[in-house]
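The sequence shown lines up with residues 1 to 133 when you count with my numbering.
Glycine is no exception: its CB is placed at the ideal position from the N, C-alpha and C atoms.
Predicted, not measured: the structure shown is a model, and the values here were computed from it.
One structure below.
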Amino acid sequence: MKIEQDHQRLDKWLWCARFFKSRALATKLVSAGRVRLSGKVIVKSSQLIRKGDVLTFPQGGFIRVVKVLFLAARRGPSPEAQLLFEDLSPIEKQQAENRELAEFQGSISDRERGGGRPTKDRRRAIDRLMRRD
1 MKIEQDHQRL DKWLWCARFF KSRALATKLV SAGRVRLSGK VIVKSSQLIR
51 KGDVLTFPQG GFIRVVKVLF LAARRGPSPE AQLLFEDLSP IEKQQAENRE
101 LAEFQGSISD RERGGGRPTK DRRRAIDRLM RRD
């Protein structure tokens, strides 16, 4: 649902747009100075945003760049929340990099140190990996 006001609190908008599960998490990220509003670092969660503002912030290993299209009256369902912003992030490149990193980290050994002997399948996978080097 869209509202007719010309401004809204930054933390509330981030929560309504479903970037964060709780408003407290949005406030924590803003207070840590990890959010940029049109290129300027913001540390006050009460900062007012308007339509057309560009926000940059980290989320789940990605740097999100979003343009505010509408302000929200409430936290609605996901399809409604996606109408509030335009995603300007180069997400495909970041996803490819994260996939490569996940494959590398997961391929070495998924078990904890001191977790006992590897299974036969895991040992063979480790042997194949070591022979390639």
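Assign Gln82 to buried or exposed, taking buried as 16 or more other Cβ atoms, counted over all protein chains shown, within 10 Å of its Cβ.
The sequence position of residue 82 within the sequence shown is 82, counting from 1. With fewer than 16 Cβ atoms within 10 Å of its Cβ, Gln82 is classed as exposed.
Take Gln47 and list the residues in its own chain whose beta-carbon comes closer than 8 angstroms to its own, dropping the five residues that flank it on each side.
The count along the sequence shown starts at 1 and reaches residue 47 at position 47. Excluding sequence neighbours, Gln47 sits near Arg9, Leu10, Val30, Leu37.
List in chain order: all unbroken beta strand (DSSP E) runs of 3+ residues lying wholly within the region 55-85.
Whole beta strand (DSSP E) segments, 3+ residues: 62-68.
Have a look at the DSSP bridge pairing and note the partners of Asp87.
The residue you call residue 87 lines up with position 87 of the sequence shown. Asp87 is bridged to Val66.
Between Trp15 and Gly115, what straight-line distance do the alpha-carbon atoms span, to the nearest angstrom?
Taking the sequence shown and counting its residues from 1, one reaches residue 15 at position 15. Taking the sequence shown and counting its residues from 1, one reaches residue 115 at position 115. Those two C-alpha atoms are separated by around 40 angstroms.
Quick one: is Ala73 buried, meaning 16 or more other Cβ sit within 10 Å of its Cβ, or exposed?
Here residue 73 refers to the residue found at position 73 when the sequence shown is read from its first residue. Looking at its Cβ environment, which holds fewer than 16 other Cβ atoms inside 10 Å, Ala73 is exposed.
If you draw a straight line from the C-alpha of Pro118 to the C-alpha of Leu129, how long is it?
Taking the sequence shown and counting its residues from 1, the one referred to as residue 118 is at position 118. Taking the sequence shown and counting its residues from 1, the one referred to as residue 129 is at position 129. Computed Cα separation, rounded: 14 angstroms.
For Val35, which beta-bridge partners are listed by DSSP?
Locating residue 35 in the sequence shown gives position 35, counting from the first residue. The partner list for Val35 (beta bridge, DSSP) reads Ile42.
Where do the ends of the alpha helix (DSSP H) carrying Asp6 lie?
As a working note, residue 6 is residue 6 in the sequence shown. Looking at the DSSP string, Asp6 is not in any alpha helix (DSSP H), and its letter there is neither H nor E.
Looking at Gln5 and Leu84, is the spacing between their C-beta atoms short of 7 angstroms?
The sequence position of residue 84 within the sequence shown is 84, counting from 1. The sequence position of residue 5 within the sequence shown is 5, counting from 1. Their beta carbons are not under 7 angstroms apart, which means Leu84 does not touch Gln5 by this criterion.
Distance check for Phe62 and Pro90, CA to CA, integer angstroms please.
Within the sequence shown, residue 90 is the residue found at index 90, counting from 1. Within the sequence shown, residue 62 is the residue found at index 62, counting from 1. About 9 angstroms.
With distance defined between alpha-carbon atoms, name the residue in Lys44, Asp127, Lys40, Pro58 nearest to Lys12.
Mapped onto the sequence shown, residue 12 falls at position 12. Ranking Lys44, Asp127, Lys40, Pro58 by Cα distance to Lys12 puts Lys44 first.
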